[in-house]
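Numbering (this note's numbering), first residue to last: 8 to 385.
Next comes the structure, spelled out in C-alpha cells:
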C-alpha cells in the first residue's frame with residue numbers, strides 16, 4: 008500500500024510539474040529521485056531498524072518541505088513523514104522530525120517568494136500527520152497491551168486448571184493410599200502371622216509324629232503345602248502393596264525417575280535393562296504408562312517363554328521416548344500360566360499409550376521371539 012501510494016504521489020507531481028532538464032522542472036524531479044529511496048526504505052525496513060527509519064523520515068521531511076513549495080501535491084510527503092515518525096518513534100523524536108518540513112518550507116518559501124499559504128499548508132500537513140501517527144501508535148500500544156493481558160489471563164486459567172487437576176490427583180492418591188495400601192498392608196501382616204503359625208505347627212507336628220524310639224508315627228500332614236501357598240500369597244500381597252505405593256507416587260508426581268523404576272522391576276524379573284540417549288525428566292503420565300507397559304510385557308514373557316531371560320531397552324530420542332521389551336523363542340512349552348488372564352493386558356498398554364499421543368507395536372520377531380515396542384512424544 009505504501010509503494011502504491013508512492014506511485015499515486017508521483018503521478019500527481021507529474022500532473023503539476025512535467026519532467027524537464029531546466030529550472031523548476033529539474034529541481035522537482037531531482038528531489039523526487041531522492042524521495043523515492045527514502046520512501047522505499049520506510050516501506051520495507053523492519054520495525055526494529057530505527058536508525059534506517061529515522062534517516063528516511065528526516066529526508067522525507069526535508070525533501071517534502073522543499074517539494075511542497077514547488078508542487079503543492081507534495082504536501083502528502085510532508086504529512087507522511089510526520090505520520091510515520093509519530094507512529095514509529097517516541098513523541099519527542101517525532102516532534103523534531105515533524106518540524107523539519109515546516110522549517111524547510113519556510114526557508115525555501117521566503118527565499119523564493121512563494122505564497123505564505125504553502126508554508127501554512129506544510130505546517131498543517133505536518134501537524135495532521137503527527138496527530139494521526141500518535142493516534143495510530145497509541146492504538147497499536149493498546150492492542151499490544153490487550154493481547155498481553157489476554158495471554159496472561161489464558162495462562163492464569165491454564166495454571167488454575169492444572170492446580171485443580173493436581174488437587175484431584177492428590178485426592179485420588181490419598182484415597183488409594185488410605186483404602187488399598189492400608190488394606191494390603193494389613194493383609195501382609197496377617198499373612199506373615201499366619202505363615203509363622205503354620206511353620207510352628209509344622210515343626211510341632213513333625214516332633215509329635217516321631218516316637219521315642221526314633222520311628223515316625225505320623226507324617227507332617229498338609230502343613231508344608233499350606234505354608235508354601237501362604238508364602239506365595241504373601242509375596243503377591245507384598246507386590247500389590249508396592250504397586251499401590253507406586254501408583255500413589257505417580258499420582259502425587261513424586262515418583263522416582265523411570266530408569267530407576269525399570270531397573271528395580273528388571274532386577275525382580277531377571278531381565279536385562281539398557282538405557283540409551285540422554286536421560287531427561289518425564290511427565291508422570293508418560294513414565295507411568297511406560298512402566299506399566301514394561302511390567303505387562305515382562306509378565307507376558309514369563310507366562311509364554313519361561314526360562315528365557317527377556318531384555319528391556321529404554322531410549323531417549325529427540326521429541327520422544329521409546330520402550331522395547333523382547334524375549335527369545337521359548338525353549339519349552341508354555342506352562343499353565345500362559346492360559347491365565349483375560350488377554351486384555353496388551354490392549355491396556357495400547358490404550359494408555361494412545362491417550363498420550365503414542366503408538367504401540369507388538370508381534371513376533373524374525374528369531375521366533377516376541378517384541379513389544381511403545382513410543383510416546385516427550
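Glycine included, C-beta positions come from ideal geometry on N, C-alpha and C.
Q: Decide if residue 317 is buried, meaning its Cβ has at least 16 other Cβ atoms within 10 Å, or exposed.
A: For the purposes of this step, residue 317 is taken as residue 310 along the chain shown, with counting starting at 1. Buried.
Q: Report yes if the CB atom of residue 387 is closer than 8 Å to the CB atom of residue 89, and no otherwise.
A: Absent from the structure is residue 387, since the part of the chain shown begins at 8 and ends at 385.
(Q) Could you compute how far the alpha carbon of residue 303 sits from the alpha carbon of residue 247? (A) The residue given as residue 303 occupies position 296 in the chain shown. The residue given as residue 247 occupies position 240 in the chain shown. Cα-Cα distance, rounded: 14 Å.
(Q) When you compare the CB positions of residue 109 and residue 86, do they come within less than 8 Å of one another, or not? (A) Taking the chain shown and counting its residues from 1, one reaches residue 109 at position 102. Taking the chain shown and counting its residues from 1, one reaches residue 86 at position 79. No; because the gap between Cβ atoms is not below 8 Å, this pair is not in contact.
Q) DSSP beta-bridge partners for residue 64? A) Here residue 64 refers to the residue found at position 57 when the chain shown is read from its first residue. DSSP, once it has assigned bridges, lists no residue as partnering residue 64.
Q | Whole-Å CB distance - residue 355 paired with residue 383, under 8 Å assumed | A | Mapped onto the chain shown, residue 355 falls at position 348. Mapped onto the chain shown, residue 383 falls at position 376. Going by Cβ atoms, the distance from residue 355 to residue 383 rounds to 15 Å, so no, they are not a contact pair.
Q | Delimiting residues of the beta strand (DSSP E) encompassing residue 382 | A | By 1-based counting over the chain shown, the position of residue 382 is 375. Counting along the chain, the beta strand (DSSP E) containing residue 382 begins and ends at 377-384.
Q. Got a sec, what are the start and stop residues for the alpha helix (DSSP H) residue 303 sits in?
A. Working through the chain shown from its first residue, we reach residue 303 at position 296. From DSSP, the alpha helix (DSSP H) with residue 303 extends over 291-311.
Q. Which class does residue 136 belong to by DSSP, given the choice of helix, strand or coil?
A. Position 129 of the chain shown, counting from 1, holds the residue named residue 136. In the structure shown, residue 136 sits in a helix (DSSP, three-state: H, G or I).
Q: Output the boundary residues of the beta strand (DSSP E) element that contains residue 328.
A: Translated into positions along the chain shown, residue 328 becomes position 321. 327-334 is the span of the beta strand (DSSP E), which, as asked, contains residue 328.
Q: Would you kindly work out how many angstroms separate the C-alpha atoms of residue 78 and residue 100, rounded to a whole number?
A: For the purposes of this step, residue 78 is identified with residue 71 of the chain shown, where counting begins at 1. For the purposes of this step, residue 100 is identified with residue 93 of the chain shown, where counting begins at 1. Taking the straight line from one Cα to the other gives about 27 Å.
Q) Of the choices 385, 359, 107 and 369, whose alpha-carbon is the least far from that of residue 287? A) The count along the chain shown starts at 1 and reaches residue 287 at position 280. Selected option, being the one with the closest Cα: 385.
Q: To the nearest angstrom, report how far apart residue 219 and residue 201 are at their CA atoms.
A: What you label residue 219 is simply residue 212 of the chain shown in a count that begins at 1. What you label residue 201 is simply residue 194 of the chain shown in a count that begins at 1. Confidence at residue 219 is low in this model, with a pLDDT of 48, below 50, so its placement is unreliable and no value can be given for it.
Q. Using the rule of at least 16 other Cβ atoms within 10 Å of the residue's Cβ for burial, across every protein chain shown, is residue 223 buried or exposed?
A. Reading the chain shown from its first residue, position 216 is the one you call residue 223. Its pLDDT being 47, under 50, residue 223 is placed unreliably in this model, and the coordinates cannot settle the point.
Q) Taking the Cβ atom as the reference point for each residue, do residue 69 and residue 75 lie within a distance shorter than 8 Å? A) Against the chain shown, residue 69 aligns to sequence position 62. Against the chain shown, residue 75 aligns to sequence position 68. No. Outside cutoff.
Q. Who are the Cβ neighbours of residue 113 in its own chain at under 7 Å, not counting the five residues just before and after it?
A. The sequence position of residue 113 within the chain shown is 106, counting from 1. Here the set comprises 126.
Q) What distance in whole Å lies between the Cβ atoms of residue 280 and residue 319, which are believed to be in contact at a cut-off of 8 Å? A) For the purposes of this step, residue 319 is taken as residue 312 along the chain shown, with counting starting at 1. For the purposes of this step, residue 280 is taken as residue 273 along the chain shown, with counting starting at 1. Rounded, the Cβ-Cβ distance is 5 Å, consistent with contact.
Q. In the structure shown, what three-state DSSP assignment does residue 345 receive?
A. Within the chain shown, residue 345 is the residue found at index 338, counting from 1. Low local confidence applies: a pLDDT of 48 at residue 345 is under 50, so the model's placement there is unreliable, and no value is given.
Q: Indicate the three-state DSSP secondary structure (helix, strand or coil) for residue 279 in the structure shown.
A: On the chain shown, residue 279 is found 272 positions in, with the first residue counted as 1. It is a strand residue.
(Q) Using the Cβ count rule (16 or more neighbours within 10 Å means buried), how would you classify residue 9? (A) If you number the chain shown from 1, residue 9 lands on position 2. Exposed.
(Q) Residues in the same chain with beta-carbon distance under 6 Å from residue 372, minus the five sequence neighbours each way, listed in chain order, please. (A) Here residue 372 corresponds to residue number 365 of the chain shown, with the count starting at 1. Excluding sequence neighbours, residue 372 sits near 378.
Q. Is the beta carbon of residue 297 less than 8 Å from the beta carbon of residue 265?
A. Within the chain shown, numbered from 1, the residue matching residue 297 stands at position 290. Within the chain shown, numbered from 1, the residue matching residue 265 stands at position 258. A contact, by the Cβ cut-off of 8 Å.
Q) For residue 315, does the three-state DSSP call read helix, strand or coil? A) Counted from its first residue, the chain shown places residue 315 at position 308. Reduced to three states, the DSSP call for residue 315 is coil.
Q) Identify the residues that DSSP records as bridge partners of residue 322: which are they? A) Locating residue 322 in the chain shown gives position 315, counting from the first residue. DSSP, once it has assigned bridges, lists 283 and 329 as partnering residue 322.
Q.
Residues in the same chain with beta-carbon distance under 6 Å from residue 136, minus the five sequence neighbours each way, listed in chain order, please.
A. Taking the chain shown and counting its residues from 1, one reaches residue 136 at position 129. So the list reads 86, 89 and 90, once near-sequence residues are dropped.
Q: Please report how far the alpha carbon of residue 48 lies from the alpha carbon of residue 285, in whole angstroms.
A: Residue 48 sits at position 41 when you count from the first residue of the chain shown. Residue 285 sits at position 278 when you count from the first residue of the chain shown. Going by the C-alpha atoms only, they are around 48 Å apart.
(Q) Just verifying my parser: in three-state terms, what is the DSSP assignment at residue 370? (A) Sequence index remark: in the chain shown, residue 370 carries index 363 (1-based). If DSSP states are grouped into helix, strand and coil, residue 370 belongs with the strands.
Q: Inspect the beta-carbon positions of residue 293 and residue 328 and report whether they are closer than 8 Å.
A: In the chain shown, counting from the first residue as 1, residue 293 sits at position 286. In the chain shown, counting from the first residue as 1, residue 328 sits at position 321. Closer than 8 Å, so yes.
Q. First and last residue of the alpha helix (DSSP H) that includes residue 112?
A. For this step, residue 112 is matched to residue 105 along the chain shown. Residue 112 -> alpha helix (DSSP H) spans 98-119.
Q: Would you mind working out which of 244, 290 and 314 sits nearest residue 276, comparing C-alpha positions?
A: Stepping through the chain shown from its first residue, residue 276 is reached at position 269. Minimum Cα distance to residue 276 is reached at 314.
Q) Which residues in the same chain as residue 374 place their Cβ atom closer than 7 Å to its Cβ, once the five residues preceding and following it in sequence are excluded? A) By one-based count along the chain shown, residue 374 stands at place 367. So the list reads 335 and 336, once near-sequence residues are dropped.
(Q) Between the alpha carbons of residue 226 and residue 238, how many angstroms are there, rounded? (A) Residue mapping note: residue 226 aligns to position 219 of the chain shown, counting from 1. Residue mapping note: residue 238 aligns to position 231 of the chain shown, counting from 1. Residue confidence for residue 226 is low, a pLDDT of 49 falling below 50, so the modelled location carries little weight; the figure read from the coordinates is stated next. Their backbone Cα atoms lie some 21 Å apart in a straight line.
Q) Got a sec? Which residues, its chain only, sit under 7 Å from residue 38 by beta carbon, not counting five neighbours each side? A) Your numbering for residue 38 matches position 31 in the chain shown. Within the same chain, residue 38 has close Cβ partners 70, 73 and 74.
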